[in-house]
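A short worksheet on the structure shown next.
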């Protein structure tokens, strides 16, 4: 089996969706730093897609830039995927650690990130009649990532095809539950902040009077 540098394992995993992650597992390869870098690029690609897309294809409705939605769409959802998959697959006798789930899942995102940046660039050169090419790139990149993500989960946990599908469905359900609880928690924090702020304002007013 080949002996590759950390960056070369990314290329090997992306270009060999069937055996790439299996090779990584047996060689115990994969870099957490590169995984975090890929997630960072995912974050930047979403910002570029939302704010730098060609005006003839997409005009953002929000005039004020807000970074929070982009963090939620990328970092938070990715973290929910990793934690959700680890928690579910621990119950299903999966062999993958949280570290490996994070690395393999991040590597699988490379085609999606690439199509995001590529479409942003093409949106400034193509005309509306050529939008079909951008759609094709989007479908191929997204589909490729889905295949890689499936292969990554299957390899990291050593599951069968059916069990991998079942684990992914449960992972998505776990993600929805975690995100719902996160929204409730943030709402609670906001209510507590408003309550404390109101009391502080009322006390300050009484002391001045």
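In the numbering used here, the protein residues as written are -11 to 197.
Cβ atoms here follow ideal geometry from the backbone N, Cα and C, with glycine treated the same way.
Segment limits, alpha helix (DSSP H) that includes residue i
i: residue 29; result: 20 to 39
i: residue 128; result: 119 to 145
i: residue 5; result: That residue, residue 5, is in no alpha helix (DSSP H); it is neither H nor E in DSSP.
i: residue 190; result: 149 to 196
i: residue 105; result: 98 to 110
i: residue 80; result: Careful: residue 80 lies outside any alpha helix (DSSP H) and carries neither H nor E.
i: residue 46; result: Segment: none, residue 46 is in no alpha helix (DSSP H) and carries neither H nor E.
i: residue 56; result: 56 to 59
Proximity winner among the options, relative to residue i (alpha-carbon distances)
i: residue 42; options: 165, 109, 59; result: 109
i: residue 163; options: 67, 195, 120, 10; result: 67
i: residue 155; options: 63, 75, 177; result: 75
i: residue 65; options: 184, 142, 190, 159; result: 159
i: residue 10; options: 157, 171, 174, 143; result: 143
i: residue 129; options: 98, 176, 37, 69; result: 98
i: residue 141; options: 157, 127, 126; result: 157
i: residue 145; options: 86, 167, 57; result: 86
i: residue 131; options: 118, 111, 102, 114; result: 102
i: residue 73; options: 60, 61, 88; result: 88
Check whether residue i and residue j have beta carbons under 9 Å apart
i: residue 8; j: residue 91; result: no
i: residue 181; j: residue 133; result: no
i: residue 80; j: residue 188; result: no
i: residue 37; j: residue 104; result: yes
i: residue -2; j: residue 95; result: yes
i: residue 93; j: residue 137; result: yes
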